[in-house]
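Just below is one structure, and these are the notes that go with it.
Numbering (full-length UniProt numbering), first residue to last: 1 to 375.
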């Protein structure tokens, strides 16, 4: 986070104290059952964070989908941030990112056979899923970005913490980047330290374990992010690039992003090119025709014959839904998929914990039999 001036600090700090007080009171009302949480007779796994900005929720949701989809009928439920529609929607083959949001659209394109739904009111969203024609077959529901949505009680709560932004060293927004106090991590059943370095040393791991001071029932895992091969956004129009060779041809790259933190992707691309120019938009930005014209102009000015435009998979969903007339963009626009990788032997332990939870609790006949035990 950028350093704040002393004047700005003095202005933001009181606001953070007030915001923190409001959030703490709200959490206490839920803790003492003065505000109610709804529990359902189906395994519900929530994936969320405490920190504002990207912690890798979508790649972790996609990992859970891949883990479960071959054995169980599953659904995802998201808010559908910045979508142009309202209320509950169940995605189908004709859905667009404007209707359901970019992240749900990314999931639907990657996993067309699972149920992808959106609803700002999560309780209403779950009820609609269970009452749909697919409701009787559903074995589990994945809630995206729902750690603060306490009106619904997830059977298993997964909290993501960015390795590069330790919550124990942060402060509540707007002075810091925390949505709520770091102590609220105690509500999570599973904590994943995401964006960890792949070569993390045992001592670094022990330091984090000590700082987090987990409760006995909580499980801790570490993941890193891995970039996949280039994928054309418009497959029928794209130039042919062999992923193993493209970096050796010294391509010039125009990086176009609308995400919270494009720095890791830019640093990754710099391994393949000495010429990486960047066009950065706000997170979840809705590209317009003028933006496309500007991107086209910047691309045409890149030096060399070998040049491409690279974006993220999330941004690609919005480009895909646009009418782009510039052939040079459609030919040269690629995205890089993002996947997670568990460190050490964390993968096998995490997989077992998730599979055991779903197996033990699927279509439980007794609401109070929902189990969230660790391994």
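Every residue, glycine too, gets a C-beta built ideally from N, C-alpha and C. Just so it is clear, the structure is predicted and the values come from calculations on it, not from any experiment.
| Query | Result |
| --- | --- |
| Residue 232 burial status per 10 Å Cβ neighbour count (16 or more: buried) | buried |
| Closest by C-alpha distance to residue 52, when choosing among 31, 261, 254, 72 | 261 |
| Residue 182 and residue 203 closer than 8 Å at C-beta | no |
| Near the ligand SAH: residue 142 beta-carbon under 7 Å from a heavy atom | Among the components of this structure there are no ligands whatsoever, and the ligand SAH is therefore not found. |
| Presumed contact (8 Å Cβ cut-off) between residue 118 and residue 104, rounded CB distance | 6 Å |
| For residue 158, the first and last residue of its enclosing beta strand (DSSP E) | 156-162 |
| Nearest candidate by alpha-carbon position, reference residue 301, set 113, 328, 227 | 328 |
| Cα-Cα separation, residue 171 to residue 23 | 13 Å |
| Whole-angstrom distance between residue 21 and residue 15, CA atom to CA atom | 10 Å |
| Supposed close pair residue 101, residue 259 - CB separation, criterion 8 Å | Not really, about 14 Å apart at Cβ, beyond 8 Å. |
| Which residues DSSP lists as bridging residue 48, in chain order | 159 |
| Whole alpha helix (DSSP H) elements within the segment 196-255, 4-residue minimum | 202-212, 243-246 |
| Among 74, 97, 71, 73, nearest to residue 83 - alpha-carbon criterion | 97 |
| Residues near residue 209 by beta carbon distance below 8 Å, same chain, minus five either side | 220 |
| Classification of residue 345 by the beta-carbon crowding that lies within 10 angstroms, buried from 16 upward | exposed |
| Residue environment, residue 25, which counts as buried when at least 16 other CB atoms sit within 10 Å | exposed |
| Contact between the segment 109-117 and the segment 68-80 (3+ Cβ pairs under 8 Å) | yes |
| DSSP-derived helix/strand/coil call for residue 333 | strand |
| Alpha-carbon spacing of residue 374 relative to residue 19, whole angstroms | With a pLDDT of only 42 at residue 374, under 50, the local geometry of the prediction cannot be trusted, and the value read off the model is given with reservation. Rounded to the nearest angstrom, the two C-alpha atoms are 33 Å apart. |
| C-alpha gap between residue 33 and residue 272, whole angstroms | 54 Å |
| Where residue 140 falls, given that 16 or more other Cβ within 10 Å makes a residue buried | buried |
| Residue 35 burial status per 10 Å Cβ neighbour count (16 or more: buried) | exposed |
| Straight-line Cα distance separating residue 190 from residue 37 | 20 Å |
| Residue 17 versus residue 6: straight-line alpha-carbon distance, rounded | 17 Å |
| Residue interval of the beta strand (DSSP E) (run including residue 420) | Nothing about residue 420 can be reported from this structure: the residues present for the chain run from 1 to 375 only. |
| Which residues DSSP lists as bridging residue 177, in chain order | None; residue 177 has no bridge partner. |
| Spatial distance of residue 65 from residue 284 (CA atoms) | 23 Å |
| Contained alpha helix (DSSP H) runs [length at least 4] in the segment 110-153, N- to C-terminal order | 122-131 |
| The segment 329-341 contacting the segment 299-318, beta-carbon criterion three pairs below 8 Å | yes |
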